[in-house]
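Below is one structure; the comments refer to it alone.
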Amino acid sequence: MTVEAREDKNMMEDMDDDDDAPLVFKRSGSSSKPKQSEPENKLSSQKHNAQVGRQSSDVRPQNGTNANAQKGKSVTSSSSMKPPVRPSLVSPKSSNSSVKASPIKSPDVNSKPSTSVVGESKSVKSTIKEENSEDSEDDKPLSARQVAGSSKNNPNQTNKPNAPNLGKKSNVPKPEDSDDEIPLSAKFQGKSNAGASTSRSSHSEEKKPLVARKPDKNGSASTERKPSTVLQKRPADGVASAGQSNLKKPKLSDSLASKDKKASVKPEVKAEDDEDLVPLSQRTKKSTTPEKKPSPALKTNNKTNSKTNSKTNKKSKQVSKDNNYSKSSKLPPSSGDGQKWTTLVHNGVIFPPPYKPHGVKMLYKGKPVNLTPEQEEVATMYAVMLETDYLKKPQFKENFMTDWKKILGKNHVIQSLEHCDFTPIYEWHQREKEKKKQMSTDEKKALKEEKLKLEEKYMWAVLDGVREKVGNFRVEPPGLFRGRGEHPKMGKLKRRIRPSDITINIGRDAPIPECPIEGERWKEIRHDNTVTWLAYWSDPINGKEFKYVFLAASSTLKGQSDKEKYEKARLLKDYIQGIRTAYTRDFVSKDPAKKQIAVATYLIDKLALRAGNEKDDDEADTVGCCTLKVENVEPVPPNILKFDFLGKDSIRYQNEVEVETAVFKAIQQFRSGKKGGDDLFDKLDTSKLNAHLKELMPGLTAKVFRTYNASITLDDKLSRETKGGDLAEKVVTYNHANKEVAIICNHQRTVSKTHSAQMLRLDEKIDELKGVLEELKTDLGRARKGKPLLAGADGKAKRNINPEALERKIAQTTAKIEKMERDKETKEDLKTVALGTSKINYLDPRITVAWCKRHEVPIEKMFNKSLLEKFSWAMDVDPSFRF
DNA sequence: ACACGGACTTGGGACTACCACG
DNA sequence: CGTGGTAGTCCCAAGTCCGTGT
0 MTVEAREDKN MMEDMDDDDD APLVFKRSGS SSKPKQSEPE NKLSSQKHNA QVGRQSSDVR
60 PQNGTNANAQ KGKSVTSSSS MKPPVRPSLV SPKSSNSSVK ASPIKSPDVN SKPSTSVVGE
120 SKSVKSTIKE ENSEDSEDDK PLSARQVAGS SKNNPNQTNK PNAPNLGKKS NVPKPEDSDD
180 EIPLSAKFQG KSNAGASTSR SSHSEEKKPL VARKPDKNGS ASTERKPSTV LQKRPADGVA
240 SAGQSNLKKP KLSDSLASKD KKASVKPEVK AEDDEDLVPL SQRTKKSTTP EKKPSPALKT
300 NNKTNSKTNS KTNKKSKQVS KDNNYSKSSK LPPSSGDGQK WTTLVHNGVI FPPPYKPHGV
360 KMLYKGKPVN LTPEQEEVAT MYAVMLETDY LKKPQFKENF MTDWKKILGK NHVIQSLEHC
420 DFTPIYEWHQ REKEKKKQMS TDEKKALKEE KLKLEEKYMW AVLDGVREKV GNFRVEPPGL
480 FRGRGEHPKM GKLKRRIRPS DITINIGRDA PIPECPIEGE RWKEIRHDNT VTWLAYWSDP
540 INGKEFKYVF LAASSTLKGQ SDKEKYEKAR LLKDYIQGIR TAYTRDFVSK DPAKKQIAVA
600 TYLIDKLALR AGNEKDDDEA DTVGCCTLKV ENVEPVPPNI LKFDFLGKDS IRYQNEVEVE
660 TAVFKAIQQF RSGKKGGDDL FDKLDTSKLN AHLKELMPGL TAKVFRTYNA SITLDDKLSR
720 ETKGGDLAEK VVTYNHANKE VAIICNHQRT VSKTHSAQML RLDEKIDELK GVLEELKTDL
780 GRARKGKPLL AGADGKAKRN INPEALERKI AQTTAKIEKM ERDKETKEDL KTVALGTSKI
840 NYLDPRITVA WCKRHEVPIE KMFNKSLLEK FSWAMDVDPS FRF
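Here it is, written out as structure tokens:
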């Protein structure tokens with residue numbers, strides 16, 4: 000064992016060296032290309048994700064300030080004591096949006112797609128599209144649509160056109176934008192086609208193989224899924240390339256070698272990208288379709304392969320795959336059987352340093368107490384949190400004490416938290432922090448380098464010959480669990496994770512990472528290429544859950560998956576109209592289950608609500624669409640629904656929305672005869688909902704609506720609201736669109752503690768500038784009349800300046816004031832809205848990249864370094880790309 | 001039909017690095 | 001040159017969704 004490990008090590012190191020180059024995208028220039036081929040593949044397959052979509056703007060929750068407040072979390076400052084604060088606030092800004100669903104034209108929804116057909120469909124669509132071109136409201140978010148309908152009322156939204164149909168919706172404070180421009184709906188109808196229905200998918204049955212374990216080198220047992228045979232070494236190429244990084248070797252057979260592949264691939268790829276050109280509808284179809292559905296044949300192959308697995312298989316597999324389909328079909332290699340990689344090399348994970356006792360004594364009933372290092376460690380975790388709001392929560396304290404007592408032992412002097420005084424430890428900690436802060440820049444730098452050196456080898460993995468960043472190679476240090484909201488387990492001790500808790504997943508031919516802690520060994524070694532994790536351990540707080548180590552977001556693997564997510568959302572565009580028509584029809588279904596599904600789908604589509612899985616009692620009490628309680632939705636006649644509930648992360652969602660009468664009535668009916676805490680949708684859960692959605696579109700799940708609505712909204716707003724203007728104005732336009740999306744998705748943040756002070760300071764500065772402006776104007780008047788200028792504030796006489804110069808100054812000052820006022824507005828506006836989350840997770844980066852290209856905005860203005868890396872797959876999109 | 005195990009995405013806040021300012 | 005505001009990172013919790021075994 001060890002031996003082997005060693006070898007690896009070397010390898011890796013070498014590689015590392017190569018790369019020093021820090022960032023840079025791994026993929027080579029064309030970068031995306033290579034990948035592309037893969038991505039497609041994936042689509043087809045399995046799992047994954049679909050994601051979300053969203054819609055209209057109207058809906059936005061009102062958050063205003065309140066929202067923030069609500070979150071209980073936060074704030075460290077203790078001063079305020081309030082307990083957990085949560086929601087109190089809230090008042091929304093009122094908005095209501097009205098939404099209506101627009102009924103739209105086309106009839107049927109269901110359409111399930113006929114399979115094949117891709118080509119056809121495409122063409123069809125295209126035609127359609129062109130004709131109608133614009134409109135289709137479908138593309139737009141519901142809300143938007145509605146709004147339009149409602150027309151006047153909604154000020155807010157922005158969105159969509161008024162197409163004829165729209166339903167009405169309401170209002171909300173936002174101004175209306177120009178929605179009008181939008182076209183109408185035309186398109187929808189056709190869409191259906193496509194898809195194959197469903198399922199195809201892939202399940203890879205094989206996956207489960209299980210595990211036989213054998214002891215392996217590290218002593219840990221290794222499991223293998225299949226009978227594997229011998230190991231072959233990893234293909235040389237893999238290694239080689241590894242060093243470099245770039246090309247990923249395709250899984251293909253060696254022969255294909257990257258080059259060929261690329262070449263061949265490219266065209267394909269191109270095609271995809273090109274789709275952009277094509278009308279939306281077409282595009283989507285094209286791309287998506289092919290990708291998604293693997294031909295049966297393929298699947299089979301894959302499966303078999305996978306099963307067989309083991310090295311031999313691997314190789315052979317690959318080959319075969321390639322041959323069979325890969326290129327032509329576009330399927331992703333992985334697609335069929337769920338294989339995610341062929342070779343995987345990494346160095347495992349790094350552990351936090353062992354606890355270093357500080358010896359500072361806390362007081363119990365006023366007297367210093369001796370604690371063992373273990374006891375002291377836990378006491379310190381608590382002491383450090385002295386100034387946080389957590390320590391105001393009884394639940395937290397109780398859980399902490401329960402766990403700490405286990406370590407103190409039954410007869411320890413410390414029996415009650417009440418008599419504990421952690422101040423000495425807290426102060427010691429503050430001093431340590433201060434010391435650190437006071438270190439010179441050089442010292443800090445040295446420290447940083449030292450750390451880097453220690454961690455470097457863990458930062459990278461080589462997957463299929465490509466060097467990729469590892470996301471979280473640091474094992475979580477022990478600490479006190481900080482749950483969000485009113486989590487029943489907050490304050491519990493999260494114990495230290497040891498190597499014997501960790502399962503490593505690595506290529507069969509790769510050396511097993513050396514266990515970094517002397518005398519210990521890994522729990523298990525696996526060689527499962529159907530998953531992407533490099534290591535995992537079970538969560539010490541909730542033993543049923545796992546903590547995984549994955550590749551970073553910038554990796555090809557994640558990039559592919561991300562792209563598939565957006566492609567799926569784009570596919571929804573083709574189905575959305577039919578889906579909306581269908582659920583609208585079911586609002587009045589006699590079948591209660593159907594009716595609930597229809598209403599729930601409507602809410603998910605219109606409000607971008609999350610699915611809402613069931614939760615255990617030992618988790619914070621939060622809800623999503625399927626788990627909404629009667630008390631969370633209040634119908635206000637004639638047709639307004641007031642939502643108020645805690646969603647993911649205990650973030651409050653408050654919104655008033657105008658809905659279609661049928662929905663309004665349905666909600667009233669669902670509520671009747673129930674208590675506040677009862678489920679609004681008693682006949683529904685996420686699996687039923689998603690099963691239904693899958694019948695409407697292959698791979699469709701609730702989250703896809705969020706992605707769809709978020710991306711379509713951005714695309715729509717950008718195209719509608721970008722006027723000429725300078726760079727700064729364009730950026731403002733983008734951020735405005737981004738903000739709309741964040742509001743729709745209810746992405747909030749707490750108001751910074753210094754927000755109000757900052758606003759005041761801005762006001763002061765503006766006032767000051769205004770004073771200067773007045774003075775300049777006075778000066779100008781005098782200068783024009785030839786009078787000497789008045790003395791300045793400092794009492795000194797000013798030099799006389801000619802009127803032109805004064806005018807210039809006035810213009811400058813005026814511009815400065817305007818800019819500051821704009822900045823101030825934006826700041827106030829965004830104080831509770833977080834733009835980052837949607838940018839990272841919901842907005843198809845190709846929309847942004849294409850927009851930047853079209854409007855000559857440097858992409859760096861919109862994406863920071865991490866985002867650029869994460870979205871490297873989207874960089875070469877055609878400027879005409881539209882979601 | 002379900003409960004449950006499992007894998008992967010999404011999310012806000014703490015922490016840091018960094019940059020403009022007085 | 002300290003500072004404070006921020007933008008960017010890190011951290012890890014909390015969701016979604018799939019497959020499975022019962």
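Residue numbers for the first sequence follow numbering that gives the first Met the number 0, beginning at 0 and rising by one. Even for Gly, the Cβ is constructed at its ideal location relative to N, Cα and C.
Taking residue i as the reference, give the member of the options with the closest Cα.
{"i": "residue 565", "options": "402, 699, 830 and 820", "result": "699"}
{"i": "residue 806", "options": "772, 839 and 828", "result": "772"}
{"i": "residue 544", "options": "570, 523 and 500", "result": "500"}
{"i": "residue 628", "options": "643, 635, 618 and 343", "result": "643"}
{"i": "residue 430", "options": "863, 357, 722 and 417", "result": "357"}
{"i": "residue 473", "options": "651, 496, 488 and 490", "result": "496"}
{"i": "residue 483", "options": "546, 418, 444 and 395", "result": "395"}
{"i": "residue 747", "options": "521, 600, 836 and 878", "result": "836"}
{"i": "residue 618", "options": "646, 415 and 606", "result": "646"}
{"i": "residue 419", "options": "365, 442 and 338", "result": "365"}
{"i": "residue 949", "options": "502, 651, 530 and 533", "result": "Because the chain spans 0 through 882 in this model, residue 949 falls outside it and cannot be assessed."}
{"i": "residue 374", "options": "390, 387, 393 and 403", "result": "403"}
{"i": "residue 536", "options": "826, 653, 696 and 471", "result": "471"}
{"i": "residue 822", "options": "831, 731 and 632", "result": "731"}
{"i": "residue 838", "options": "579, 734, 526 and 830", "result": "734"}
Buried or exposed: residue i, going by 16 or more other Cβ atoms within 10 Å of its Cβ?
{"i": "residue 585", "result": "buried"}
{"i": "residue 759", "result": "exposed"}
{"i": "residue 883", "result": "There is simply no residue 883 to check, as the chain begins at 0 and stops at 882 in what is shown."}
{"i": "residue 638", "result": "buried"}
{"i": "residue 755", "result": "exposed"}
{"i": "residue 690", "result": "exposed"}
{"i": "residue 516", "result": "exposed"}
{"i": "residue 623", "result": "buried"}
{"i": "residue 446", "result": "exposed"}
{"i": "residue 194", "result": "In this predicted model, residue 194 has a pLDDT of only 31, less than 50, meaning its place in the structure is not dependable; the value taken from the coordinates is given anyway. That one is buried."}
{"i": "residue 697", "result": "buried"}
Please list, in chain order, all residues of the same chain as residue i whose beta carbon is under 7 Å from its beta carbon, the five residues on each side excluded.
{"i": "residue 354", "result": "372 and 376"}
{"i": "residue 815", "result": "768"}
{"i": "residue 665", "result": "586, 594 and 598"}
{"i": "residue 554", "result": "467 and 468"}
{"i": "residue 848", "result": "858, 873, 874 and 876"}
{"i": "residue 804", "result": "none"}
{"i": "residue 652", "result": "60, 642, 644, 646 and 745"}
In its own chain, which residues sit with a C-beta less than 6 Å from the C-beta of residue i, not counting the 5 before and 5 after it?
{"i": "residue 382", "result": "421, 424 and 425"}
{"i": "residue 648", "result": "483"}
{"i": "residue 670", "result": "629"}
For residue i, I'd like the list of residues in its chain whose CB is within less than 8 Å of its CB, leaving aside the five on either flank, ordered along the chain.
{"i": "residue 493", "result": "475, 477, 478, 479, 480, 539 and 540"}
{"i": "residue 781", "result": "787, 788 and 789"}
Measuring CB atoms only, is the region 676-685 touching the region 603-616, in the sense that at least three cross pairs come out at less than 8 Å?
With the cut-off at 8 Å, the region 676-685 and the region 603-616 touch.
Evaluate contact between the region 754-765 and the region 798-814, counting only Cβ atoms and requiring at least three cross-stretch pairs below 8 Å.
They do not touch, by the three-pair rule.
With a cut-off of 8 Å, do at least 3 Cβ pairs link the region 448-465 to the region 352-370?
Not touching, per the Cβ criterion.
Decide yes or no for the touch test of the region 660-678 against the region 828-847: beta carbon pairs closer than 8 Å, at least 3 of them.
With a cut-off of 8 Å, the region 828-847 and the region 660-678 do not count as touching, because too few Cβ pairs lie within range.
Are the region 566-578 and the region 474-488 touching, with three or more C-beta to C-beta distances below 8 Å?
By the C-beta criterion, the region 566-578 is judged not to be in contact with the region 474-488, since fewer than 3 inter-stretch pairs fall below 8 Å.
At least 3 beta-carbon pairs within less than 8 Å: the region 732-747 vs the region 707-714:
Short answer: they touch.
Segment contact flag, the region 712-732 with the region 581-596, C-beta cutoff 8 Å, min 3 pairs
The region 712-732, when compared against the region 581-596, does not touch it at the 8 Å Cβ threshold.
Just checking, does the region 501-509 make contact with the region 334-344 on the three C-beta pairs under 8 Å criterion?
Judged by Cβ distances under 8 Å, the region 501-509 makes contact with the region 334-344, as three or more pairs qualify.
Those runs of the beta strand (DSSP E) which lie wholly inside the region 797-835 and span at least 3 residues
Annotation: the region 797-835 contains no complete segment of the beta strand (DSSP E) (minimum length 3 residues).
Return the chain-ordered ranges of every alpha helix (DSSP H) run that is complete within the region 606-692 and spans a minimum of 4 residues.
Fully contained in the region 606-692 are the following alpha helix (DSSP H) runs of length 4 or more, in chain order: 660-670.
Pick out the complete alpha helix (DSSP H) segments inside the region 351-435, 4 residues or longer, and give them in chain order.
For the region 351-435, whole alpha helix (DSSP H) runs of length 4 or above, ordered along the chain, are 372-382 and 393-407.
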